[in-house]
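Notes follow the structure.
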Amino acid sequence: MTRFTSRIGAPPTLTALAAVIGLATAALLASPTIATAAEPAAAAPQATLYYSLRDLTSEQGTRALYARIVTAAQSVCPGWDSRDLDVVAASRQCQRQAVARAVGQIGDARLASVQARALARRG
1 MTRFTSRIGA
11 PPTLTALAAV
21 IGLATAALLA
31 SPTIATAAEP
41 AAAAPQATLY
51 YSLRDLTSEQ
61 GTRALYARIV
71 TAAQSVCPGW
81 DSRDLDVVAA
91 SRQCQRQAVA
101 RAVGQIGDAR
111 LASVQARALA
121 RRG
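For the sequence shown, the numbering used here gives the first residue as 1, with consecutive numbering after it.
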């Protein structure tokens, strides 16, 4: 299994998702629309996502991994369920950036294809 974590000194492939989500969250926290209700960037939430390279060998496994990445992005990007439309828009942007960086850092063509199809459906 491959593990994403935020430990200093770990190989980049192991820290990719945590770093991506952490950076996206830090960028979101810097936004003036939600900065007053957010935690400081030093305590930005992160998620650890475990996956196996076997997950990427089938279309079904790749779609399941993509869904898990999206769920992890939702969990660390605050405000996705807010009633304030500006906060929701900022959260969606945070999620898109986090997912895009995670997919890019994993570097799998099938996963990128799943992401492209998902983005095309949403417009």
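The beta carbon of each residue, even a glycine, is placed where N, CA and C say it ideally should be.
So, is residue i buried or exposed, given that buried needs 16 or more other C-beta atoms within 10 angstroms?
i, result
"Y66", "buried"
"S91", "buried"
"A89", "exposed"
"T71", "exposed"
"Y51", "buried"
"A116", "exposed"
"L49", "buried"
With DSSP run on the structure shown, which of helix, strand or coil describes residue i?
i, result
"D84", "coil"
"C94", "helix"
"S58", "coil"
"Q74", "helix"
"V107", "Note on identity: in this sequence residue 107 is Gly, with Val being the wrong assignment. Residue state, collapsed to three classes: coil."
Less than 7 Å between the beta carbons of residue i and residue j, yes or no?
i, j, result
"I69", "A120", "no"
"V99", "A73", "yes"
"T62", "R96", "no"
"Y47", "S75", "The amino acid at residue 47 is misidentified as Tyr; the sequence shows Ala. Result yes, Cβ atoms of A47 and S75 sit closer than 7 Å."
What does a CB cutoff of less than 8 Å around residue i pick up in its chain, not counting 5 residues either side in sequence?
i, result
"D55", "G61, T62, A64, L65"
"S82", "V88, S91"
Cutting at 7 Å between CB atoms, please list the residues of its own chain near residue i, excluding the five before and the five after it.
i, result
"G79", "I34, V87, V88, A90, S91"
"A112", "V103"
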